[in-house]
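Accompanying notes for the structure given below.
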Amino acid sequence: MKQILKHSFEAVSLLTTNNGMLDVTIVSAFDQPDWIIPSSLILSVDDYSEYVAMYEWEQQQVAVFHLLPHHQTPDKMVVLEGNTSAHRIALQTSGELRQLQARISEVKDIELPVHFIEPNSNIDTVYERVQEDVVLSYIFQAVTIDDTLYLVPDLDKIAHQLVDLDG
Numbered sequence: 010m011k012q013i014l015k016h017s018f019e020a021v022s023l024l025t026t027n028n029g030m031l032d033v034t035i036v037s038a039f040d041q042p043d044w045i046i047p048s049s050l051i052l053s054v055d056d057y058s059e060y061v062a063m064y065e066w067e068q069q070q071v072a073v074f075h076l077l078p079h080h081q082t083p084d085k086m087v088v089l090e091g092n093t094s095a096h097r098i099a100l101q102t103s104g105e106l107r108q109l110q111a112r113i114s115e116v117k118d119i120e121l122p123v124h125f126i127e128p129n130s131n132i133d134t135v136y137e138r139v140q141e142d143v144v145l146s147y148i149f150q151a152v153t154i155d156d157t158l159y160l161v162p163d164l165d166k167i168a169h170q171l172v173d174l175d176g
């Protein structure tokens, strides 16, 4: 039996740098800090108001990760590049995206404040799979920039979970 190797996905998991600067896009998230995503990973930002699990982008079905609860109407679909075309994902959100360029020295790693951690979650099972309503299941790092809290999501884990779940 051929061994299945998990491919490297560093380009999606880490922020990209240019001369000591980070070029990121801030994506609004409900009931948690806004996300920061490397701007270079964004393939498209489309107006889209239907809450869906899969999104058709350029004749490809892309798995969707929701940054809003079901009862809130989305207005944006942000398609992100993956390590392969099969590992592209889309973030469904609402509100304007904001661009930010910050010096690496301005980004401070912090612990995720306890009020963002689901009180009923079982930490042992949370890390096994991505759950949209459990921040610990997909956080890569909590950071502050200019005293504002942001989440750096583990896009590698999200992409692999969504693709594995959707087949």
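Quick note on this note's numbering: the sequence shown kicks off at 10 and runs consecutively. Quick reminder that beta carbons are idealized off the backbone N, C-alpha and C, glycines included.
For residue i, three-class secondary structure by DSSP
i: PHE149; result: strand
i: SER37; result: coil
i: ASP165; result: helix
i: LEU14; result: At LEU14 the pLDDT is 42, less than 50, meaning the model places this residue with poor confidence and gives no usable figure here.
Expected contact under 8 Å - CB spacing of residue i and residue j to nearest Å
i: LEU77; j: GLN101; result: 7 Å
i: GLN108; j: MET30; result: Contact flag wrong, Cβ pair sits at about 12 Å.
i: VAL152; j: LYS117; result: 6 Å
i: PHE149; j: GLN41; result: With 8 Å as the limit, PHE149 and GLN41 do not qualify as a contact, their Cβ atoms being about 13 Å apart.
i: TYR147; j: ILE45; result: The pair is not a contact, with the Cβ atoms about 14 Å apart (cut-off 8 Å).
i: SER103; j: GLN69; result: Wrong, their Cβ atoms sit about 23 Å apart, outside the cutoff.
i: ARG97; j: LEU106; result: Not a contact, Cβ separation roughly 17 Å.
DSSP bridge partner residues for residue i (one or two, in chain order)
i: LEU160; result: TRP44, ALA151
i: SER49; result: In DSSP, SER49 forms no bridge with anything.
i: TYR171; result: In the sequence on display, residue 171 carries Leu and not Tyr. Answer by DSSP bridge pairing: none, since LEU171 is not bridged.
i: VAL54; result: VAL87
query: Of all the alpha helix (DSSP H) runs that stay within the bounds of the stretch 56-142, which reach a length of 4 or more residues?
result: 132-135
field: Stretch pair the stretch 81-99 + the stretch 44-61: three plus CB contacts closer than 8 Å
entry: With the cut-off at 8 Å, the stretch 81-99 and the stretch 44-61 touch.
task: Answer yes if the stretch 64-80 comes into contact with the stretch 33-47, meaning at least three C-beta pairs across the two stretches below 8 Å, and no otherwise.
output: yes
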